[in-house]
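If you read the protein sequences in the order shown, they are chains A and B. In this text, residue positions in the first sequence follow my numbering: the first is 1, and each later residue adds one. In this text, residue positions in the second sequence follow my numbering: the first is 430, and each later residue adds one. Even for Gly, the Cβ is constructed at its ideal location relative to N, Cα and C. Below is one structure, written out as structure tokens; the observations come after it.
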Amino acid sequence: MDIKIYESEKLKEKLFYKKMESGLKVFFIPKEGYTKQYAIFATDYGSIDNVFVPIGEKDPLEVPEGIAHFLEHKLFESPDNNLFDKFSKLGANVNAYTNFNQTAYLFSSTDNFYESLSLLIEFVQNPYITDENVEKEKGIIAQEINMYMDNPGWRVYFNCLKAMYNEHPVKIDIAGTIESIQKINKELLYKCYNTFYNPTNMVLFVIGDLSFDEILKVVAKSQKNNYDKVEEIKRIFPIEDKKINTQLIEENMMTSAPIFYIGFKDLDTGFKGEKLIKKDLVTNIILDALFGSSSTFYNDLYEEGLINSSFGGFYTGKESYGHSLIVGESKEPKKVYERILRLIKEPSEKLLLEEDFNRIKNKAIGEFLMGLNSIEFIGNNFIDLYFSDFLLIDYLTILESIEYKDIIERFNKHFTEENVVLSIINPLE
Amino acid sequence: MNLKSERIKIGNGINLNLVKTDKFKSNLLSFYFLRPLTKEEVTKNALLPLVLKRGTDEYKTNLEIQKKLEENYGADLSVAINKRGEKHVLRFTVETVNGDYVGNKEYISDVFNLLKSIIFNPLLEDGYFKKSYVDQEKENLKRRIESRINDKRSYALDRCIEEMCKNERFSIYPLGNIEDLPGIDESILYNHYNNIIKTSPIEIFFVGDYDDKMVDHMKEMANIEREETITIPREQIMAGSKTKNMVYDDLDVNQGKLVLGYRTGIPYEDRLYNGLLIGSDILGGGPNSKLFKNVREKESLAYYVTSTIFKYKSIMLVDGGIEFANFEKTIDIIKEQIEEIQKGNFTTDDIEISKKSLISSTKSIKDSIFLISEYFFSQILSNDNRSLEEIIEDIDRVTKEEIVEAMSKLTLDTIYFMRNKKAMNIN
């Protein structure tokens with residue numbers, strides 16, 4: 001069998017890989033001595049994939065906002081209506097999530113792993129969607145949307161995305177709106193399902209004290225093979241202007257103090273793989289050096305009472321979009337914003353010292369290593385990186401390869417006054 | 430792997446608990462200080478770790494502390510203030526990368542020294558805490574308390590507890606009260622700090638790989654001379670409910686938050702406690718539970734609806750996020766489902782599923798360095814000497830009769846509802 005093994009001496013971890021005939025890719029990391037096992041079955045399909053050419057058709061289709069997430073809910077239906085029972089009887093804890101880029105179905109267990117794995121593959125590959133159960137779901141998801149509407153942290157985040165992006169669907173709420181989900185029906189859900197849940201578009205990741213041979217046997221037996229072969233799914237993204245949409249979005253809602261998101265839109269996009277991951281790491285190191293708890297900026301503003309310990313910055317980026325976010329709570333968010341604009345005008349060599357860079361890099365290495373204690377951390381990050389054409393096991397190597405000059409170069413390109421936005425949620429009067 | 434903790438008395442009311450394992454890529458060291466949960470000291474207790482974290486005799490500023498942590502491969506320092514029943518717990522923790530992974534076995538002693546410095550050698554100014562640190566952290570704590578409202582679900586749960594346990598110490602919010610803050614200054618807080626160091630029971634946990642030298646170092650960290658420590662009383666358990674409460678908060682929200690507070694009357698030492706845990710799980714544990722099936726799947730009334738047992742205080746809370754108009758309907762279904770369990774209308778499968786779920790999460794403790802220390806700490810709090818394996822056996826032994834008996838003791842005490850008058854057109 002053509003099994004590939006990747007090994008990292010530094011991490012003391014191994015990664016096993018096999019591509020099944022169906023096109024499904026299966027990965028496994030053994031974790032000796034662990035009690036828990038974890039499996040994620042994920043598709044390269046998230047909320048941003050809302051215009052595409054459905055399988056077997058010629059013309060692009062725009063689907064209602066929130067449909068990927070709606071579909072995730074609906075895959076938990078089965079004719080006998082007892083999928084949760086089956087997992088529960090095995091003692092496995094099943095769940096799922098949808099984000100901008102992927103939909104993932106997962107479970108964790110301490111016993112009966114292989115039976116649970118078989119169940120996971122079967123339910124994801126055998127949808128049971130009816131007009132009736134689609135209607136029922138609208139009430140549940142409406143409550144989920146309402147819950148997010150009452151969450152100031154979520155609202156300030158999405159307003160920031162709306163300020164940065166003109167057209168890109170990353171600005172759309174993952175669950176959609178109460179209005180948009182009304183337009184979802186069985187036919188549309190099946191179109192999305194048939195297009196994106198093809199095994200060639202999916203990956204299965206397993207971790208735990210298990211055997212890869214056994215895993216492959218279960219996969220071979222449980223998976224469906226009668227799929228149409230697809231070359232590549234045609235996803236259509238609108239052309240996103242380099243310019244930001246608007247500089248400021250302010251809103252009032254029930255919250256104790258003003259909260260803010262400051263976003264720097266990334267203009268350097270359009271690639272995946274190592275280059276993307278390196279850019280991600282470099283940018284996060286810069287943000288930590290400039291705004292983290294060991295930075296002069298953080299400590300000055302903290303002393304002045306302008307920020308509290310919730311303040312910090314992080315970068316997130318995929319092939320078609322990317323942004324740095326600096327977030328926090330403040331009596332005067334606009335003052336914090338002004339100070340940041342003033343800060344980034346200073347010469348980079350003065351702002352970002354080499355010794356700071358070395359320290360922050362050390363920290364990033366330590367944090368990653370500690371993260372590897374958690375099989376959930378490994379699983380979720382593996383999937384996320386995988387869909388960016390990168391293997392988690394190579395992460396530390398890239399991190400260690402980052403040099404001081406990378407930091408300076410990126411800073412000068414990314415942190416400019418042209419691509420910055422501010423989102424504020426103010427308390428009610 | 431069988432989890433074992435070696436408990437060594439290293440001082441008056443001070444114990445060092447060692448859990449040896451090389452399974453993780455890190456090591457964890459935690460100091461737990463135990464206090465009674467009282468109105469008089471809650472705010473001071475909550476403020477203290479925030480001030481201590483600001484600077485020490487050796488590392489005068491947060492900036493210096495943070496740089497030191499980062500140099501040491503991003504050692505993670507965290508402080509927490511929690512209530513466990515009617516006990517107030519202050520926790521100081523550092524987690525460090527196992528030296529094998531970074532080719533440096535020695536650096537951990539540096540991190541130990543830093544933690545010691547934070548807890549035992551605070552930065553002083555004219556004999557007390559530094560005034561500006563205390564003032565700033567008072568302001569930060571005030572804002573933290575105010576920000577309770579931002580997470581509506583946990584705010585609703587807290588509010589239900591507050592109303593339900595109005596005359597009991599369990600109602601005290603662990604981060605304290607804004608009204609107390611003006612009365613606290615650097616000298617009052619410093620005196621309180623000395624009292625805490627002198628009189629609090631202290632439990633220290635280390636989970637990871639260690640040798641004799643490290644153990645000596647840990648012993649030396651908490652080498653304090655002191656007299657008798659305080660004893661913290663066990664929680665009071667009220668069975669039944671004297672007055673039934675109905676509480677509304679009117680806020681500008683989109684979703685109503687409903688919480689039903691029940692008295693269980695079953696202490697954690699009781700033979701029926703495991704039956705109660707399983708009963709609550711059958712009611713509103715996972716997606717197989719009666720509430721998930723009936724409130725969510727059948728009636729589409731909620732996205733989340735769950736039931737939780739508060740171990741030390743013997744209460745059960747059921748909470749869900751719903752449309753304002755579905756208030757009464759949801760309450761009816763919840764009451765109906767509890768009655769079903771009380772009548773014994775649940776299957777052997779339901780019992781098995783809940784047992785498996787509880788057993789699986791108990792077993793999972795072994796995979797988390799943090800949960801291991803929390804687990805042994807909670808065993809100490811509840812004077813429970815059972816091993817994980819014994820706990821699992823006890824769960825497995827529970828019978829249907831015990832579940833029915835336990836759940837039949839539930840009495841509804843308080844109904845809390847967060848609603849929006851404007852959206853409901855009520856005046």
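Ordered along the chain, which non-local residues of its own chain (more than five positions away) have a Cβ less than 7 Å from that of residue i?
| i | result |
| --- | --- |
| N419 (chain A) | I244, F264, K265 and L267 |
| F52 (chain A) | P60, L61, T195, I233, K234, R235 and I236 |
| Y157 (chain A) | Y261 |
| K497 (chain B) | Y488 and L543 |
| V170 (chain A) | I48, F100, L161 and Y321 |
If residue i sits next to residue j, beta carbons under 8 Å apart, how far is it from one beta carbon to the other, in whole angstroms?
| i | j | result |
| --- | --- | --- |
| V426 (chain B) | Y845 (chain B) | Residue 426 (chain B) lies beyond the residue range present for chain B, which begins at 430 and ends at 856; the question has no answer from this structure. |
| I788 (chain B) | I794 (chain B) | Between I794 (chain B) and I788 (chain B) the Cβ distance is about 11 Å, and since that is not below 8 Å, they are no contact. |
| I340 (chain A) | A42 (chain A) | Not really, about 36 Å apart at Cβ, beyond 8 Å. |
| I443 (chain B) | I631 (chain B) | 5 Å |
| K373 (chain A) | I798 (chain B) | First, the residue type needs correcting, since residue 373 (chain A) is Asn and not Lys in the sequence shown. Right, the Cβ-Cβ distance comes to about 6 Å (below 8 Å), so this counts as a contact. |
| L276 (chain A) | S388 (chain A) | 6 Å |
| G440 (chain B) | I661 (chain B) | Their Cβ separation, rounded to whole angstroms, is 18 Å, which puts G440 (chain B) and I661 (chain B) out of contact at 8 Å. |
| I407 (chain A) | F357 (chain A) | 6 Å |
| S783 (chain B) | I659 (chain B) | Not a contact, Cβ separation roughly 38 Å. |
Suppose the cutoff is 6 Å on Cβ atoms and the five residues either side in sequence are ignored; what does the same chain contact list for residue i look like?
| i | result |
| --- | --- |
| I40 (chain A) | A104, L106, F205, G379 and I383 |
| K727 (chain B) | none |
| K709 (chain B) | Strictly speaking, residue 709 (chain B) in this sequence is Ser, with Lys absent from that position. Excluding sequence neighbours, S709 (chain B) sits near S736, I738 and M745. |
| N856 (chain B) | Any reading at N856 (chain B) needs caution, since the residue's pLDDT is 46, under 50, leaving its predicted position unreliable; the model's value is listed next. Correct list: empty, nothing qualifies. |
| D842 (chain B) | M593, S670, G690 and R692 |
| R655 (chain B) | N441 and K627 |
| K191 (chain A) | P54 |
Taking only three categories from DSSP, how would you classify residue i?
| i | result |
| --- | --- |
| E179 (chain A) | coil |
| A220 (chain A) | helix |
| E409 (chain A) | helix |
| F158 (chain A) | helix |
| I172 (chain A) | coil |
| L841 (chain B) | strand |
| P465 (chain B) | strand |
| I5 (chain A) | strand |
| T195 (chain A) | helix |
| G440 (chain B) | strand |
| Y733 (chain B) | strand |
| L492 (chain B) | helix |
| S401 (chain A) | helix |
| S783 (chain B) | helix |
| F846 (chain B) | strand |
| T450 (chain B) | coil |
| I184 (chain A) | coil |
| F806 (chain B) | helix |
| E429 (chain A) | coil |
| S118 (chain A) | helix |
Only counting the same chain, and skipping five residues up and downstream in sequence, which positions put a Cβ closer than 8 Å to that of residue i?
| i | result |
| --- | --- |
| I410 (chain A) | Checking the sequence shown, residue 410 (chain A) turns out to be Arg, not Ile. Excluding residues within five positions, the ones whose Cβ falls inside 8 Å are K279, V282, T283 and I286. |
| Y741 (chain B) | R513, G514, E515, K516, E664, Y697, L810 and S811 |
| K138 (chain A) | I181, Q182 and I184 |
| E566 (chain B) | L476, L479, V480 and R483 |
Pick out whichever of the options has its Cα sitting closest to the Cα of residue i.
| i | options | result |
| --- | --- | --- |
| D609 (chain B) | B:I824, B:T467 and B:F805 | B:T467 |
| R342 (chain A) | A:H168, A:E167 and A:F297 | A:F297 |
| N596 (chain B) | B:I666, B:F739 and B:D678 | B:I666 |
| G273 (chain A) | A:L428, A:Y148, A:Y386 and A:Y190 | A:Y386 |
| Y702 (chain B) | B:L552, B:S743 and B:K452 | B:S743 |
| D862 (chain B) | B:L506, B:Y502, B:V523 and B:R520 | Since the first and last residues shown for chain B are 430 and 856, residue 862 (chain B) lies out of range. |
| L353 (chain A) | A:E367, A:E329 and A:E403 | A:E403 |
| K217 (chain A) | A:E355, A:F84 and A:S118 | A:S118 |
| N81 (chain A) | A:K405, A:T130, A:K331 and A:K221 | A:T130 |
| D645 (chain B) | B:L445, B:M847, B:K851 and B:R848 | B:L445 |
| S546 (chain B) | B:K559, B:I494, B:R572 and B:E500 | B:I494 |
| message | Threshold first: 4 residues or longer. Then list the alpha helix (DSSP H) segments lying entirely within the segment 508-565 of chain B, N to C. | response | 537-549
| field | beta strand (DSSP E) segments (min. 3 residues) lying fully within the segment 657-722 of chain B | value | 674-679 and 685-692
| request: Could you pull out every unbroken beta strand (DSSP E) segment of at least 3 residues lying fully inside the segment 313-341 of chain A, listed in chain order? | output: 322-329
| task | Jot down the residue ranges of each uninterrupted beta strand (DSSP E) in the segment 42-113 of chain A, minimum 3 residues, whole runs only, in chain order. | result | 93-98 and 103-109, all fully within the segment 42-113 of chain A.
| Along the chain, which unbroken stretches of the beta strand (DSSP E) at least 3 residues long are found entirely within the segment 579-637 of chain B? | 631-637
| Ranges of the beta strand (DSSP E) found wholly within the segment 232-267 of chain A, counting only runs of at least 3 | 248-253 and 259-265
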